[in-house]
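Trainee: These protein sequence lines are chains A and B, in that order. Start counting the first sequence at 22; every next residue gets the next number (the working numbering). Start counting the second sequence at 796; every next residue gets the next number (the working numbering). Here a beta-carbon is modelled for each residue, glycine too, at the ideal position from N, C-alpha and C.
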Amino acid sequence: MDARIGVLALQGNVSEHIDAFLLALERMGHGSSSEVFEVRSPADLAECSVLAIPGGESTTISRLIDKNSLYDPIRVFKGGIFATCAGMVLMATRVDDPRVRPLGLIEMTVDRNAFGRQRESFEADLPVAGLVGKPFHAVFIRAPVVSRTGKSVKVLARINKGIVAVEYGRHVAFSFHPELGNDTRLHELFLHKNGY
Amino acid sequence: MKLKELRFGTELLKRGFASMQKGGVIMDVVDAGQAKIAEEAGAVAVMSLERVPSDIRKAGGVARMADPEKVTEIIEAVSIPVMGKVRIGHFVEAQVLEVLGVDMIDESEVLTPADEQYHIDKKQFKVPFVCGARDLGEALRRINEGAAMIRTKGEAGTGNVVEAVRHMRTIMGEIRMLRGMDRQEMIDYAREIEAPAELVIECAERGRLPVVNFSAGGIATPSDAALMMQLGADGVFVGSGIFKSSSPERMAKAIVEAVNHFDDPKVIAKVSTGLGDAMPGLDVHKLSEDEVLQTRGR
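(1) Does Lys1065/B come within less than 8 angstroms of chain A when only Cβ atoms are used?
(2) Return the Cβ separation of Asn34/A and Met815/B in integer angstroms, given the expectation that the two are a contact with Cβ distance under 8 angstroms.
(3) Can you check whether the C-beta of Asn1008/B is within less than 8 angstroms of a C-beta belonging to chain A?
(4) Compare the Cα-Cα distances from Asn939/B to each of Gly949/B, Lys948/B and Lys917/B and report the closest residue.
(5) For a cutoff of 8 angstroms on Cβ pairs, would you count Leu273/A as touching chain B?
(6) Since Gly952/B contacts Ile851/B with CB under 8 angstroms, what's their CB separation in whole angstroms?
(7) Counting along the chain, where does the alpha helix (DSSP H) carrying Val887/B start and finish?
(8) With respect to the alpha helix (DSSP H) encompassing Ala41/A, which residues constitute its N-terminal and C-terminal limits?
(9) Listed in chain order, which residues of the region 32 to 43 of chain A have Cβ atoms closer than 9 angstroms to some Cβ of chain B?
(10) Considering only residues of the same chain and omitting the five flanking positions on each side of Val1079/B, which have a CB-CB separation below 7 angstroms?
(11) What residues from chain A crowd round Ile966/B, counting only those whose CB sits closer than 8 angstroms?
(12) So, Ser142/A versus Leu798/B, is the Cβ gap smaller than 8 angstroms?
(13) When DSSP labels each residue in this structure, what does Thr170/A get in the three-state scheme?
(14) Go to Phe1038/B, then tell me how far its alpha helix (DSSP H) extends in each direction, as first and last residue.
(15) Would you please state the rounded distance, in angstroms, between the beta carbons of Glu37/A and Glu200/A? I believe it to be under 8 angstroms.
(16) Using DSSP bridges, identify the partner residues of Arg179/A.
(17) From this set, Asp93/A, Cys69/A, Ser196/A and Ala30/A, which residue's C-alpha is nearest Met129/A's C-alpha?
(18) Report the rounded CA-to-CA distance for Ile870/B versus Thr80/A, giving the unit in angstroms.
(19) Could you please give the first and the last residue of the uninterrupted beta strand (DSSP E) stretch that includes Glu958/B?
(20) Less than 8 angstroms between the CB atoms is what I'm expecting for Ala861/B and Leu844/B, so what's the real figure, rounded?
(21) Quick one: is Thr805/B near chain A, going by C-beta distance under 8 angstroms?
(22) Please say whether Phe1009/B and Val946/B have beta carbons closer to each other than 8 angstroms?
(23) Within 8 angstroms of any Cβ in chain A, is that where the Cβ of Met972/B sits?
(24) How long is the line joining the alpha carbons of Thr1090/B and Ala942/B, rounded to whole angstroms?
(25) Using the Cα positions of Val925/B and Gly216/A, report the straight-line distance between them to the nearest angstrom.
(26) Cβ of Ala64/A within 8 angstroms of Cβ of Leu29/A?
(27) Count the other C-beta atoms from every protein chain shown that fall within 10 angstroms of the C-beta of Arg61/A, then say buried if there are 16 or more, exposed otherwise.
(28) For Glu1039/B, return the contacting residues in chain A, with the cut-off set at a CB-CB distance below 8 angstroms.
(29) Quick check: what's the CA-CA separation for Phe161/A versus Gly811/B?
(30) My output table needs one value for Ile870/B: the three-state DSSP class, helix, strand or coil.
(31) Considering only the beta carbon of each residue, do Arg936/B and Glu989/B sit closer than 8 angstroms?
(32) Between the Cα of Phe886/B and the Cα atoms of Glu1052/B, Val820/B and Val922/B, which residue gives the shortest distance?
(33) How big is the Cα-Cα spacing for Glu1103/B and Asp204/A?
(34) In chain order, what residues of the same chain have a beta carbon less than 6 angstroms from the beta carbon of Ala992/B, not counting five sequence neighbours either side?
(35) Do Ala1049/B and Val1066/B have their beta-carbon atoms positioned less than 8 angstroms apart in this structure?
(36) With distances taken from CA atoms, which of Gly27/A, Lys99/A and Asn134/A is nearest Ser168/A?
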């Protein structure tokens, strides 16, 4: 089946997500009929079978989701969502900052900038449930953590600060940035989970 | 679990941070009140400084890093990243901003240079740097010193976009020119523009700079911001353009929307309507030699 992968392109790390999904599709042996494209409007969203919400500034992206009339369309979007960093913040039911209006798609509470400022950003090898082979080299940039999850949310990775990767239905969310670097295993896992 | 072998301040983390700012507007602010207005309007980050560039021009004298009290006040006021400006070559001002917790340091020609020979050795820092550039050679020299983000210099504090356009067109044009060159020609060209050959080759392969490239120096209206995006900027810095306009809240929001919809003139028309006065502008050709900021550092 052909995947139609939309990347929410309001602000942030958009082109890196597009490149990572293209690489993942190639590695999975998908033909050129699968597509990866930018999503800026409800009409674009209607074209997608799955959606990625990239990292960026969560307060800015939240504002622009409202401004672009995407809040309700994303909430009722039928496909899986691949969310990273700011994207994870937006997927939550509760966020520790009133300036963000979360989409409420994964039952969890997320704390923004949980590690501190940019100087506290870090890289580390992280075991992620469901991944075969070596740990995932995770890049945390002013990253959030999940402080609470609902019963049906599956925790994929946890560190001493809190939960940093979750799965819920067709959705996945990561505190870190799988789109930085050449390891596409998490992208592939997500596409596989969504039937591709 | 407890993670082992955490690595901080790597090139990937620095460039990754810069990349998260893409498609965004970074606004100059001088106090907590302005920082909150910028955050509320949808800025991706704020730049803390003592005075906005047009006031630096008026004040004259030596322009330095902001008072740490001001920087801390701004850091405490907002949840978005806070950047800060230091003088070219002034690595101690940079050390101070790093200790204060600033998320990115701008080694900026808007302040009075502290070193006329050397820029800061940016690889010695954990915090990422942004630096100004007017052409490809200058951009690649800064990247070679460790800059994680480039901003075209423009001419700060003028409200006149002409220099920003010149510098963006120059860099984009030089990168386009690389496409027609073979390896030997690229190496020769690298020598000519005084840039490391491997970075020139990397630009040719990627068809862009190896780091994010923002536009700065003279953006005063939503149309100016969209113009720079259409010319290829990854995002924009707005200095005096917001808080020297007659209605800063509205101008800030309008510029954020114009950057988000930079290729949709209908949206730009809508957000530009009834905005009040933009900041007063200056003719860059009438600046005397010592009033031109862009020639500081090369």
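Mentor: A quick look at the data gives this:
(1) As a working note, residue 1065/B is residue 270 in the second sequence. No, its Cβ sits nowhere closer than 8 angstroms to a Cβ of chain A.
(2) Counting from 1 along the first sequence, the entry for residue 34/A is found at position 13. Counting from 1 along the second sequence, the entry for residue 815/B is found at position 20. That pair is a contact at about 6 angstroms.
(3) Taking the first residue of the second sequence as 1, we reach residue 1008/B at position 213. No, because no Cβ of chain A sits closer than 8 angstroms to the Cβ of Asn1008/B.
(4) Counted from its first residue, the second sequence places residue 939/B at position 144. Comparing Cα-Cα distances from Asn939/B to each of Gly949/B, Lys948/B and Lys917/B, the minimum goes to Lys917/B.
(5) Shown here, chain A extends from 22 to 217; a query on residue 273/A therefore has no answer.
(6) On the second sequence, position 157 is the one that residue 952/B refers to. On the second sequence, position 56 is the one that residue 851/B refers to. 6 angstroms between Cβ atoms; contact.
(7) The sequence position of residue 887/B within the second sequence is 92, counting from 1. Where Val887/B is concerned, the enclosing alpha helix (DSSP H) stretches over Phe886 to Leu895.
(8) By one-based count along the first sequence, residue 41/A stands at place 20. Run containing Ala41/A: Val35 to Arg48, per the alpha helix (DSSP H) assignment.
(9) Gln32, Gly33, Asn34, Val35, Ser36 and Glu37
(10) Taking the second sequence and counting its residues from 1, one reaches residue 1079/B at position 284. Within the same chain, Val1079/B has close Cβ partners Glu950, Thr953, Asn955, Val957 and Glu958.
(11) Position 171 of the second sequence holds residue 966/B. Those do not exist, as Ile966/B stays about 18 angstroms from chain A at its closest Cβ, beyond 8 angstroms.
(12) Position 121 of the first sequence, counted from the start, is the residue given in the question as residue 142/A. Position 3 of the second sequence, counted from the start, is the residue given in the question as residue 798/B. Cβ distance not < 8 angstroms, so Ser142/A and Leu798/B don't count as in contact.
(13) Counting from one through the first sequence, the residue named residue 170/A turns up at place 149. Reduced to three states, the DSSP call for Thr170/A is strand.
(14) In the second sequence, counting from the first residue as 1, residue 1038/B sits at position 243. Element bounds for Phe1038/B: Ser1035 to Phe1038.
(15) If you number the first sequence from 1, residue 37/A lands on position 16. If you number the first sequence from 1, residue 200/A lands on position 179. Indeed they touch by this definition, with Cβ atoms about 4 angstroms apart.
(16) Here the question's residue 179/A lines up with position 158 in the first sequence. DSSP lists Ile184/A as partners of Arg179/A.
(17) The residue given as residue 129/A occupies position 108 in the first sequence. When each option's Cα is compared against that of Met129/A, the closest is Ser196/A.
(18) The count along the second sequence starts at 1 and reaches residue 870/B at position 75. The count along the first sequence starts at 1 and reaches residue 80/A at position 59. About 16 angstroms.
(19) As a first step, residue 958/B must be located in the second sequence, where it is residue number 163. Where Glu958/B is concerned, there is no enclosing beta strand (DSSP E), although the alpha helix (DSSP H) it sits in stretches over Val957 to Leu973.
(20) To locate residue 861/B, count along the second sequence from 1; it is residue 66. To locate residue 844/B, count along the second sequence from 1; it is residue 49. Yes, they are in contact, since the Cβ atoms of Ala861/B and Leu844/B sit about 5 angstroms apart, within 8 angstroms.
(21) Position 10 of the second sequence, counted from the first residue, corresponds to residue 805/B. Yes, Thr805/B lies at the interface with chain A (some Cβ there is under 8 angstroms from its Cβ).
(22) Stepping through the second sequence from its first residue, residue 946/B is reached at position 151. Stepping through the second sequence from its first residue, residue 1009/B is reached at position 214. It is Arg, not Val, that sits at residue 946/B in the sequence shown. Yes.
(23) For the purposes of this step, residue 972/B is taken as the residue at position 177 of the second sequence. Taking Cβ atoms only, chain A never reaches closer than 8 angstroms to Met972/B, which makes this a no.
(24) Sequence index remark: in the second sequence, residue 1090/B carries index 295 (1-based). Sequence index remark: in the second sequence, residue 942/B carries index 147 (1-based). Their backbone Cα atoms lie some 18 angstroms apart in a straight line.
(25) For the purposes of this step, residue 925/B is taken as residue 130 along the second sequence, with counting starting at 1. For the purposes of this step, residue 216/A is taken as residue 195 along the first sequence, with counting starting at 1. C-alpha separation (whole angstroms): 42 angstroms.
(26) Within the first sequence, the letter at position 43 stands for residue 64/A. Within the first sequence, the letter at position 8 stands for residue 29/A. Contact flag unset, no.
(27) As a working note, residue 61/A is residue 40 in the first sequence. Buried.
(28) Mapped onto the second sequence, residue 1039/B falls at position 244. According to the sequence displayed, residue 1039/B carries Lys and not Glu. Result: empty, since nearest Cβ-Cβ is about 23 angstroms, beyond 8 angstroms.
(29) What you label residue 161/A is simply residue 140 of the first sequence in a count that begins at 1. What you label residue 811/B is simply residue 16 of the second sequence in a count that begins at 1. Going from the Cα of Phe161/A to the Cα of Gly811/B covers about 9 angstroms.
(30) As a position in the second sequence, residue 870/B is number 75, starting the count at 1. DSSP places Ile870/B in helix when its eight states are reduced to three.
(31) On the second sequence, residue 936/B is found 141 positions in, with the first residue counted as 1. On the second sequence, residue 989/B is found 194 positions in, with the first residue counted as 1. Yes, the pair counts as a contact, with Cβ atoms nearer than the cut-off.
(32) Sequence index remark: in the second sequence, residue 886/B carries index 91 (1-based). That would be Val922/B, whose Cα lies nearest to the Cα of Phe886/B.
(33) Here chain B covers residues 796 to 1093 and nothing more, so residue 1103/B does not appear.
(34) As a first step, residue 992/B is located in the second sequence; it is residue number 197 there, counting from the start. Correct list, in chain order: Ile982 and Ala985.
(35) Position 271 of the second sequence, counted from the start, is the residue given in the question as residue 1066/B. Position 254 of the second sequence, counted from the start, is the residue given in the question as residue 1049/B. Yes; because the gap between Cβ atoms is below 8 angstroms, this pair is in contact.
(36) In the first sequence, residue 168/A corresponds to position 147, counting from 1. The candidate whose alpha carbon is nearest that of Ser168/A is Asn134/A.
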